[in-house]
Amino acid sequence: MKSLFRPFLILAAALPLVLAACGNKEPEQRAAFTQFLQTRIVDKPGVRVPQLTEEEKKSFGDYAAQYAVITDFNAGMDASVKPLSGIMQKGSMRSLNDIVARRDDLKAVQASLNDMGAALKEQQAKADAARAQLKQPEDLKAVYDKAYEKTVSLPADTFRDVLPQLNATFDSSLKIADYVAAHAAQIDISGPIVKVQDPAVQAELNKLLQDLNAQAKNVQQAQTRMQAVMVGR
Numbered sequence: 011m012k013s014l015f016r017p018f019l020i021l022a023a024a025l026p027l028v029l030a031a032c033g034n035k036e037p038e039q040r041a042a043f044t045q046f047l048q049t050r051i052v053d054k055p056g057v058r059v060p061q062l063t064e065e066e067k068k069s070f071g072d073y074a075a076q077y078a079v080i081t082d083f084n085a086g087m088d089a090s091v092k093p094l095s096g097i098m099q100k101g102s103m104r105s106l107n108d109i110v111a112r113r114d115d116l117k118a119v120q121a122s123l124n125d126m127g128a129a130l131k132e133q134q135a136k137a138d139a140a141r142a143q144l145k146q147p148e149d150l151k152a153v154y155d156k157a158y159e160k161t162v163s164l165p166a167d168t169f170r171d172v173l174p175q176l177n178a179t180f181d182s183s184l185k186i187a188d189y190v191a192a193h194a195a196q197i198d199i200s201g202p203i204v205k206v207q208d209p210a211v212q213a214e215l216n217k218l219l220q221d222l223n224a225q226a227k228n229v230q231q232a233q234t235r236m237q238a239v240m241v242g243r
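This note's numbering numbers the first residue of the sequence shown as 11 and each following residue consecutively.
Below is the structure:
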């Protein structure tokens with residue numbers, strides 16, 4: 011009987027050791043993921059979200075899915091803000107005549123910016139909800155939080171702060187277009203030359219144009235701020 015049961019007993023004793031060895035990869039996976047977040051994202055300037063190689067996915071184990079929260083948001087954000095340069099080009103006005111003649115373009119640009127802001131808000135809320143469900147040891151969480159702030163919260167919040175500033179510029183342009191239309195009898199526009207018959211109308215128009223110039227400076231500052239976040243300078 012002893013000879014029959016001895017192999018079974020040896021196998022039963024060895025099995026827990028095998029299982030323990032197989033299930034002990036988490037510390038290594040966590041360390042690899044933490045190092046990746048620190049050196050490839052946190053320590054780098056600007057917003058950098060590298061795609062994982064197959065080898066990295068394997069080395070991170072289940073933590074690769076936690077990185078997907080960041081990559082999925084950035085893919086959505088990139089898609090949302092990709093049209094921004096084209097939108098701004100469409101809304102670029104070089105003269106008072108442009109502002110008056112392209113009023114519909116200005117309204118369309120504002121609608122596009124509003125849609126962009128709504129999409130970013132939705133994507134950020136989705137990412138925040140996914141992040142809230144993550145189970146992380148404290149050492150990993152400390153680094154993940156920094157990476158998340160840098161690649162999700164900061165760019166999303168900055169974009170959403172900048173969009174109203176852009177919209178305010180187009181608001182100023184629309185006010186000018188409406189004012190010129192309402193006082194067309196007193197305002198004559200011939201190319202770059204503008205003649206105003208009524209001094210009161212001229213004073214109000216100058217005030218509106220000064221407000222537009224001030225808004226344009228705000229846009230430049232907003233663009234500089236956005237570049238500082240995204241590029242890191």
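The beta-carbon is built from N, C-alpha and C at its ideal position, and this holds for glycine as well. Bear in mind that the values here come from a model prediction, so they are computed numbers and not experimental data.
Q233 versus K100 - alpha carbon distance: As a first step, residue 233 is located in the sequence shown; it is residue number 223 there, counting from the start. As a first step, residue 100 is located in the sequence shown; it is residue number 90 there, counting from the start. Computed Cα separation, rounded: 17 angstroms.
Contact under 8 angstroms by Cβ, F43 with V162: As a first step, residue 43 must be located in the sequence shown, where it is residue number 33. As a first step, residue 162 must be located in the sequence shown, where it is residue number 152. No. Outside cutoff.
Inter-stretch contact (C-beta, 8 angstroms, three-pair minimum) for the region 84 to 98 and the region 114 to 134: Segment contact: the region 84 to 98 against the region 114 to 134, three or more CB-CB distances shorter than 8 angstroms; contact assigned.
Short Cβ contact (8 angstroms threshold) for I247 with K145: Because the chain here runs from 11 to 243, residue 247 falls outside it and cannot be looked at.
Every unbroken alpha helix (DSSP H) inside the region 147 to 181 [4 residues or more]: The region 147 to 181 contains these whole alpha helix (DSSP H) runs: 148 to 158.
Validate contact between the region 169 to 178 and the region 211 to 219 using beta carbons, cut 8 angstroms, 3 pairs: With the cut-off at 8 angstroms, the region 169 to 178 and the region 211 to 219 do not touch.
C-alpha distance - G71 paired with P147, whole-angstrom precision: On the sequence shown, position 61 is the one that residue 71 refers to. On the sequence shown, position 137 is the one that residue 147 refers to. Cα atoms of G71 and P147: separation of roughly 15 angstroms, rounded to the nearest angstrom.
Stretch pair the region 188 to 201 + the region 219 to 238: three plus CB contacts closer than 8 angstroms: No, the region 188 to 201 does not touch the region 219 to 238.
Coil, strand or helix - K54 by DSSP: Against the sequence shown, residue 54 aligns to sequence position 44. Looking at K54 - three-state DSSP - the assignment turns out to be coil, as it is neither helix nor strand.
Supposed close pair I80, A157 - CB separation, criterion 8 angstroms: Position 70 of the sequence shown, counting from 1, holds the residue named residue 80. Position 147 of the sequence shown, counting from 1, holds the residue named residue 157. Taking 8 angstroms as the upper bound for CB-CB distance, I80 and A157 are in contact here, some 7 angstroms apart.
One or two residues paired with S200 in a DSSP bridge: On the sequence shown, position 190 is the one that residue 200 refers to. S200 is bridged by DSSP to I203.
Integer-rounded CB distance, given that T179 should sit under 8 angstroms from V229: What you label residue 229 is simply residue 219 of the sequence shown in a count that begins at 1. What you label residue 179 is simply residue 169 of the sequence shown in a count that begins at 1. Sure, about 5 angstroms apart at Cβ, within 8 angstroms.
Beta-carbon separation (whole angstroms), S183 vs L222, contact threshold 8 angstroms: Residue numbering aside, residue 183 sits at position 173 when the sequence shown is read from its first letter. Residue numbering aside, residue 222 sits at position 212 when the sequence shown is read from its first letter. At roughly 6 angstroms, the Cβ-Cβ gap stays under 8 angstroms, so S183 and L222 are in contact.
Nearest-angstrom Cβ-Cβ length linking I199 and L116, presumed shorter than 8 angstroms: As a first step, residue 199 must be located in the sequence shown, where it is residue number 189. As a first step, residue 116 must be located in the sequence shown, where it is residue number 106. Going by Cβ atoms, the distance from I199 to L116 rounds to 17 angstroms, so no, they are not a contact pair.
Cβ shell of P60 (< 7 angstroms), same chain only, five flanking positions each side left out: If you number the sequence shown from 1, residue 60 lands on position 50. Short of 7 angstroms from the beta carbon of P60, and not among the five residues preceding or following it, lie these beta carbons of its own chain, in chain order: R50.
Alpha carbon of E65 to alpha carbon of A142, nearest angstrom: If you number the sequence shown from 1, residue 65 lands on position 55. If you number the sequence shown from 1, residue 142 lands on position 132. Each residue's CA atom was taken as its position, placing E65 and A142 some 27 angstroms apart.
Rounded straight-line distance, which links the Cα of V57 to that of V153: Within the sequence shown, numbered from 1, the residue matching residue 153 stands at position 143. Within the sequence shown, numbered from 1, the residue matching residue 57 stands at position 47. Straight through space, the alpha carbons of V57 and V153 are spaced by roughly 15 angstroms.
Where the alpha helix (DSSP H) through V241 begins and ends: Residue 241 sits at position 231 when you count from the first residue of the sequence shown. Membership of V241 in the alpha helix (DSSP H) is indicated by the continuous run P209 to V241.
Sub-8 angstroms separation of Y73 and Q39 beta-carbons: Locating residue 73 in the sequence shown gives position 63, counting from the first residue. Locating residue 39 in the sequence shown gives position 29, counting from the first residue. Yes.
Three-state secondary structure (DSSP) of N124: Position 114 of the sequence shown holds residue 124. Here N124 carries a helix assignment [DSSP, helix/strand/coil].
Residue interval of the alpha helix (DSSP H) (run including K63): Here residue 63 refers to the residue found at position 53 of the sequence shown. Here residue 63 turns out to be Thr, not Lys, going by the sequence shown. Element bounds for T63: n/a, residue is neither H nor E.
Cβ-based burial, V45 [other Cβ within 10 Å; buried from 16]: Here the question's residue 45 lines up with position 35 in the sequence shown. Reading the sequence as shown, one finds Gln at residue 45 and not Val. Exposed.
Buried or exposed by the 16-neighbour rule on C-beta atoms within 10 Å, applied to A224: What you label residue 224 is simply residue 214 of the sequence shown in a count that begins at 1. By the 10 Å Cβ count, A224 comes out exposed.
Other residues of its chain near L218: CB distance less than 8 angstroms, five sequence neighbours each side excluded: If you number the sequence shown from 1, residue 218 lands on position 208. Cβ within range, chain order: S182, K185, I186 and Y189.
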